[in-house]
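>
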Amino acid sequence: MNPSYLKTPYDSPRTLWAILIGFLVVWFYMLGARTLVPTDEGRYAEMAREMVATGDWITLRLNGIKYFEKPPLQNWMNALTFSLFGLGDWQARLWTGLCGLIGVWTSAHTAFKIYGRRVAISTALILGSSFYWAAMGHINTLDMGLSGMMTLALCGLLLAQRDGASDKEQRNGMLLCWAGMALATMSKGLIGFVLPGAVLVLYTIWTRDFGLWLRLHMGKGLMLFFAITVPWFILVWQANPEHPQFFFIHEHFQRFTSTVHKRGGAWYYFFPLLIIGIVPWLGLLLQSLLASVRREQSQFQAKKMLIIWAVFIFFFFSISGSKLPSYILPVFPALAILIACELEKISVTSLRINAGMLILIGCASLAFTPKIAGIAKSAYELPLYEAMIPWAYAAAVIALAGGLVGIVFAKRNKDIAVLAMAIGGYLGGQIVFIGHDQWGKYSAGVYHLPAIEAELKADTPIFAVGRYEQSLPFYLRRTTILVEHPDEMEFGVGIQPELWIPKRADFILKWRAMHAKGEKAVAFLNPAVYKAMQDEAVPMKLIGEDPKRIIVAIP
Numbered sequence: 001m002n003p004s005y006l007k008t009p010y011d012s013p014r015t016l017w018a019i020l021i022g023f024l025v026v027w028f029y030m031l032g033a034r035t036l037v038p039t040d041e042g043r044y045a046e047m048a049r050e051m052v053a054t055g056d057w058i059t060l061r062l063n064g065i066k067y068f069e070k071p072p073l074q075n076w077m078n079a080l081t082f083s084l085f086g087l088g089d090w091q092a093r094l095w096t097g098l099c100g101l102i103g104v105w106t107s108a109h110t111a112f113k114i115y116g117r118r119v120a121i122s123t124a125l126i127l128g129s130s131f132y133w134a135a136m137g138h139i140n141t142l143d144m145g146l147s148g149m150m151t152l153a154l155c156g157l158l159l160a161q162r163d164g165a166s167d168k169e170q171r172n173g174m175l176l177c178w179a180g181m182a183l184a185t186m187s188k189g190l191i192g193f194v195l196p197g198a199v200l201v202l203y204t205i206w207t208r209d210f211g212l213w214l215r216l217h218m219g220k221g222l223m224l225f226f227a228i229t230v231p232w233f234i235l236v237w238q239a240n241p242e243h244p245q246f247f248f249i250h251e252h253f254q255r256f257t258s259t260v261h262k263r264g265g266a267w268y269y270f271f272p273l274l275i276i277g278i279v280p281w282l283g284l285l286l287q288s289l290l291a292s293v294r295r296e297q298s299q300f301q302a303k304k305m306l307i308i309w310a311v312f313i314f315f316f317f318s319i320s321g322s323k324l325p326s327y328i329l330p331v332f333p334a335l336a337i338l339i340a341c342e343l344e345k346i347s348v349t350s351l352r353i354n355a356g357m358l359i360l361i362g363c364a365s366l367a368f369t370p371k372i373a374g375i376a377k378s379a380y381e382l383p384l385y386e387a388m389i390p391w392a393y394a395a396a397v398i399a400l401a402g403g404l405v406g407i408v409f410a411k412r413n414k415d416i417a418v419l420a421m422a423i424g425g426y427l428g429g430q431i432v433f434i435g436h437d438q439w440g441k442y443s444a445g446v447y448h449l450p451a452i453e454a455e456l457k458a459d460t461p462i463f464a465v466g467r468y469e470q471s472l473p474f475y476l477r478r479t480t481i482l483v484e485h486p487d488e489m490e491f492g493v494g495i496q497p498e499l500w501i502p503k504r505a506d507f508i509l510k511w512r513a514m515h516a517k518g519e520k521a522v523a524f525l526n527p528a529v530y531k532a533m534q535d536e537a538v539p540m541k542l543i544g545e546d547p548k549r550i551i552v553a554i555p
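According to the numbering used here, the sequence shown is numbered sequentially starting from 1.
#1: Tell me, to the nearest whole angstrom, how far the beta carbon of M36 is from that of N140; I am working on the premise that it is less than 8 Å.
#2: Do E342 and L284 have their CB atoms nearer than 8 Å?
#3: Compute the distance between the beta-carbons of T369 and A387, then report whether it is under 8 Å.
#4: By how many angstroms is the C-alpha of Q534 removed from the C-alpha of W57?
#5: For L384, which residues from the same chain have a beta carbon less than 8 Å from its beta carbon, with the 5 sequence-adjacent residues on both sides left out?
#6: Using the rule of at least 16 other Cβ atoms within 10 Å of the residue's Cβ for burial, across every protein chain shown, is A513 buried or exposed?
#7: Helix, strand or coil for D437, going by three-state DSSP, please let me know.
#8: Taking its Cβ as the centre, do 16 or more other Cβ atoms sit within 10 Å of K503, making it buried, or is it exposed?
#9: Please report the distance separating the alpha-carbon of E169 from that of A111.
#10: Relative to the C-alpha of G356, which candidate in M421, R93, Q301, R294 has its C-alpha closest?
#11: Give every residue of the same chain whose Cβ lies closer than 6 Å to the Cβ of D40, excluding the five residues on either side of it in the sequence, and list them in chain order.
#12: If you count every other CB in all the chains shown that lies within 10 Å of the CB of W309, and 16 or more means buried, which is it?
#13: What span of residues does the beta strand (DSSP E) with V199 cover, start to end?
#14: Is the stretch 129 to 149 touching the stretch 98 to 112, taking contact as three or more C-beta pairs under 8 Å?
#15: For V331 and chain B, any beta-carbon pair shorter than 8 Å?
#16: If we call anything under 8 Å between Cβ atoms a contact, is I481 one with A505?
#17: Kindly indicate which residue of A48, R34, R295, L400 has the alpha-carbon position closest to the one of T207.
#18: Consult DSSP for E636 and reduce its assignment to one of helix, strand or coil.
#19: Out of L31, S83, L335, which has the shortest C-alpha to C-alpha gap to I307?
#20: Below 6 Å CB to CB, which residues in the same chain sit around I339 once its five sequence neighbours on both sides are set aside?
#21: On the criterion of 16 or more Cβ atoms from any shown chain inside 10 Å, does E50 qualify as buried, or is it exposed?
#22: Per DSSP, what kind of secondary structure is R43 in: helix, strand or coil?
#23: May I ask you to report which of helix, strand or coil DSSP gives W281?
#24: Cutting at 7 Å between CB atoms, please list the residues of its own chain near E344, excluding the five before and the five after it.
#25: Between Q238, I191, A521, which has its C-alpha nearest K457's C-alpha?
#26: In its own chain, which residues sit with a C-beta less than 7 Å from the C-beta of D546, not counting the 5 before and 5 after it?
#27: Taking the straight line between their C-alpha atoms, what separation do you get for P407 and I423?
#28: For P196, count the other beta carbons within 10 Å of its own beta carbon; 16 or more makes it buried, fewer makes it exposed. Which is it?
#29: Using beta-carbon positions only, say whether F312 and Y327 come within less than 8 Å of one another.
#30: Is the stretch 397 to 406 close to the stretch 424 to 434, with three or more CB pairs under 8 Å?
#31: Helix, strand or coil: which one does DSSP assign to F316?
#32: Just the Cα atoms here: how many angstroms apart are P473 and N75?
#33: Bridge partners for L525 per DSSP, in chain order?
#34: Which one or two residues does DSSP pair with I308 in a beta bridge?
#35: Terminal residues of the continuous beta strand (DSSP E) containing I481?
#36: CB-CB under 8 Å to F314, same chain, minus the five flanking residues each way: which ones, in chain order?
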């Protein structure tokens, strides 16, 4: 080691504790710093709220309607959080945030066991500051829960199979792996064990380490896997005989092989997302991937396992007929360990290139920020975009500062350079999130909450005509009656048709009858629906309006 590197932040426990505490303070603060944004955040918060309200922890429901797209783990954890701490934004994101931290800690611990203390610290810095991981750790969606549990599976396998692992460590590591796969399955379905299983097959073909299969503790592992997964699947099937066909055939086979969910994308769909997501470590990504294919001086080739994990999962979702930006999130822990390993032997030039890319991103952000207001499509949206501008400037300056410090210290003290880039990337990304919150409030519709609540009594129905509001039901603490537009609840209303009104004409008749009786009701309307109802002289009192929605009450 270069003598100039001896006195570094990595060598000071006090400095490391300060960094950790600062990181956690920002991490947990940001869980409640923003409104729950549609669609995912509002959906999964509302599903958990309904679980608590109904006391039914077996049959998942959205808007009071059976909803079988995903397994229950995230809803269980959110419902548990709501039961303990009440309803709120940070409570809805707590499980997601904890899963992000589980991924950081597990990856760093695994790196420590295999590659040592310095690589472990770098792994934590890299993964915790990577834009995608830090961002998705603060969004109430299933993919961070899945990724956290898949990281347990990956790291359990690495810990168990590493050279020098004792019999006890091998057994416990494999049980952690099996538990991780089971919890990943309970987070998002069969990919929780299909993807790790495929990675294992590919690894043994590449390395010809077929003896690995004898070290998987298959008997104990399968017992643990089935003990975690089977009970709920049996209970939900008994309560809902229609569940298996929809969940296993429609949500897995058809979702992967077709565009049934209308979420397709080109083969290169995830490449820009990977480039953005790995910031501020983009300049080291390709170099680290290439270095990982070299043979390690050990029987178990951990880096090969890591690169297969990252590349295969990326490829798997790239060829899928269903694509969403967060699908590739599980690759980031593997990439973080590979980049951390490469940092130990990286040249000053390579480190400066990475810092230079962060500077370039900061400068590009500074140049783009004044143009943010031009994105607005209406006068209503203009102030929402303008509110982002100061935050975007702040994020760009912080990223720029991190890159500049990285370049200055790349030769004098590599660890300070790495730490500066990590802080710049992490804080910059979180500040961007805060700047987005005004737009998030608009997307969620929470500006209209006071006007809506003023019209509501305990028995006042709320109709959703031509659109479904994903976040407002959570904030209003009640479900809505769908009209005309089933949204993602098409399967549910198909087996529970009494819970919605398929035709707008029938809704209008009901609305007029309620008006004649002097009853109260509120409706969320698609703007086009509102115009059509005006033309039909339907009695309505306008209580809220924006480009996304019209909100009316019975006058």
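Every residue gets a Cβ at the ideal spot worked out from N, C-alpha and C, and that includes glycine.
Quick answer:
#1: Residue numbering aside, residue 36 sits at position 36 when the sequence shown is read from its first letter. Residue numbering aside, residue 140 sits at position 140 when the sequence shown is read from its first letter. Here residue 36 is Leu; the residue named in the question, Met, does not match the sequence. Confirmed, Cβ separation roughly 6 Å.
#2: The sequence position of residue 342 within the sequence shown is 342, counting from 1. The sequence position of residue 284 within the sequence shown is 284, counting from 1. Yes, they are a contact pair.
#3: Taking the first residue of the sequence shown as position 1, residue 369 is located at position 369. Taking the first residue of the sequence shown as position 1, residue 387 is located at position 387. Contact: no.
#4: Counting from 1 along the sequence shown, the entry for residue 57 is found at position 57. Counting from 1 along the sequence shown, the entry for residue 534 is found at position 534. Each residue's alpha carbon lies about 42 Å from the other.
#5: Sequence index remark: in the sequence shown, residue 384 carries index 384 (1-based). Counting only Cβ-Cβ distances below 8 Å, and skipping sequence neighbours, we find A376, Q438, W439, Y442.
#6: Against the sequence shown, residue 513 aligns to sequence position 513. The residue is exposed, with fewer than 16 neighbouring Cβ atoms inside 10 Å.
#7: Here the question's residue 437 lines up with position 437 in the sequence shown. In the structure shown, D437 sits in a helix (DSSP, three-state: H, G or I).
#8: Taking the first residue of the sequence shown as 1, we reach residue 503 at position 503. When all chains shown are included, K503 counts as exposed.
#9: Taking the first residue of the sequence shown as 1, we reach residue 169 at position 169. Taking the first residue of the sequence shown as 1, we reach residue 111 at position 111. Approximately 15 Å, taken between the alpha carbons.
#10: Within the sequence shown, the letter at position 356 stands for residue 356. Measuring from the Cα of G356, the nearest candidate turns out to be M421.
#11: Along the sequence shown, read from residue 1 onward, the residue named residue 40 stands at position 40. Closer than 6 Å at Cβ, skipping near neighbours: T141.
#12: As a first step, residue 309 is located in the sequence shown; it is residue number 309 there, counting from the start. Burial call: buried.
#13: The residue labelled residue 199 in the question sits at position 199 within the sequence shown. Note, V199: premise wrong, no beta strand (DSSP E); alpha helix (DSSP H) at 191 to 207.
#14: yes
#15: Of the protein chains in this structure there is only one, and it is not chain B.
#16: To locate residue 481, count along the sequence shown from 1; it is residue 481. To locate residue 505, count along the sequence shown from 1; it is residue 505. Result no, Cβ atoms of I481 and A505 do not sit closer than 8 Å.
#17: Stepping through the sequence shown from its first residue, residue 207 is reached at position 207. If we check each option's Cα against that of T207, R295 comes out closest.
#18: Nothing in the structure corresponds to residue 636, since the chain is present only between 1 and 555.
#19: On the sequence shown, position 307 is the one that residue 307 refers to. If we check each option's Cα against that of I307, L335 comes out closest.
#20: Taking the first residue of the sequence shown as position 1, residue 339 is located at position 339. The answer, listed in chain order, is I126, W281, L284, S288.
#21: Indexing the sequence shown from 1 puts residue 50 at position 50. With 16 or more Cβ atoms within 10 Å of its Cβ, E50 is classed as buried.
#22: Position 43 of the sequence shown, counted from the first residue, corresponds to residue 43. It is helical.
#23: Here residue 281 refers to the residue found at position 281 of the sequence shown. It is coil, neither helix nor strand.
#24: The residue given as residue 344 occupies position 344 in the sequence shown. Same-chain partners within the cutoff: R118, V119.
#25: Indexing the sequence shown from 1 puts residue 457 at position 457. Nearest C-alpha to K457: A521.
#26: In the sequence shown, the residue the question calls residue 546 occupies position 546. Within the same chain, D546 has close Cβ partners Y380, Y442.
#27: Counted from its first residue, the sequence shown places residue 407 at position 407. Counted from its first residue, the sequence shown places residue 423 at position 423. The question names Pro, but residue 407 in the sequence shown is Ile. Each residue's Cα considered, the two are about 14 Å apart.
#28: On the sequence shown, residue 196 is found 196 positions in, with the first residue counted as 1. P196 should be labelled buried.
#29: As a first step, residue 312 must be located in the sequence shown, where it is residue number 312. As a first step, residue 327 must be located in the sequence shown, where it is residue number 327. Not a contact, by the Cβ cut-off of 8 Å.
#30: yes
#31: Residue 316 sits at position 316 when you count from the first residue of the sequence shown. Helix, per DSSP.
#32: Sequence index remark: in the sequence shown, residue 473 carries index 473 (1-based). Sequence index remark: in the sequence shown, residue 75 carries index 75 (1-based). Cα to Cα, P473 sits roughly 16 Å from N75.
#33: Residue numbering aside, residue 525 sits at position 525 when the sequence shown is read from its first letter. In the DSSP output, where bridge partners are listed per residue, L525 has V465, I550.
#34: For the purposes of this step, residue 308 is taken as the residue at position 308 of the sequence shown. DSSP output for I308 lists no bridge partner at all.
#35: Within the sequence shown, residue 481 is the residue found at index 481, counting from 1. Where I481 is concerned, the enclosing beta strand (DSSP E) stretches over 481 to 483.
#36: The residue labelled residue 314 in the question sits at position 314 within the sequence shown. Contacts found: F270, L274, I328, V331.
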